[in-house]
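Asker: For the sequence shown, this note's numbering begins at 11 and goes up steadily by one.
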Amino acid sequence: MTDASAVTAWKKCSTCKKDIPFRALYYTCSVSTCKNAKLGIVFCSVLCWDGHLGFARHRSAYAEEESAPAS
Ligand SMILES: [Zn+2]
Ligand SMILES: [Zn+2]
């Protein structure tokens, strides 16, 4: 296992699967079932969160900006 992205990435975006690096800004869905999901649903951008809405069909939701931990 010499994949460098496995070392530098904190999590992967739930929509586009892009790496979310440590200390980076990311977005979560404000809906509690998404926030509390065991998989940890996170998005690299508001656009990706927007794509998630197409699947989740939330009535009202907003993206919450968070920052990834340092390590
Ligand atoms: Zn993304
Ligand atoms: Zn959601």
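Ideal placement from N, C-alpha and C gives every residue a C-beta, glycine not left out.
What residue range does the alpha helix (DSSP H) around A78 cover?
Answerer: No alpha helix (DSSP H) contains A78, which DSSP labels as neither H nor E.
Asker: If you scan the region 15-44 from start to end, which runs of the alpha helix (DSSP H) of 4 or more residues do you find wholly inside it?
Answerer: Segments of the alpha helix (DSSP H) lying fully in the region 15-44: 15-18.
Asker: Could you say if the region 62-72 and the region 28-35 meet the contact criterion of at least three C-beta pairs nearer than 8 Å?
Answerer: No, the region 62-72 is not in contact with the region 28-35.
Asker: Y72: which of S42, P79, A80 sits nearest, CA to CA?
Answerer: When only C-alpha atoms are compared, the closest one is S42.
Asker: On the DSSP bridge list, what partners appear for A73?
Answerer: According to DSSP, which records beta bridges pairwise, A73 is partnered with C39.
Asker: Using 10 angstroms around the beta-carbon of S24, count the other beta-carbons present and answer buried if the total reaches 16, otherwise exposed.
Answerer: When all chains shown are included, S24 counts as buried.
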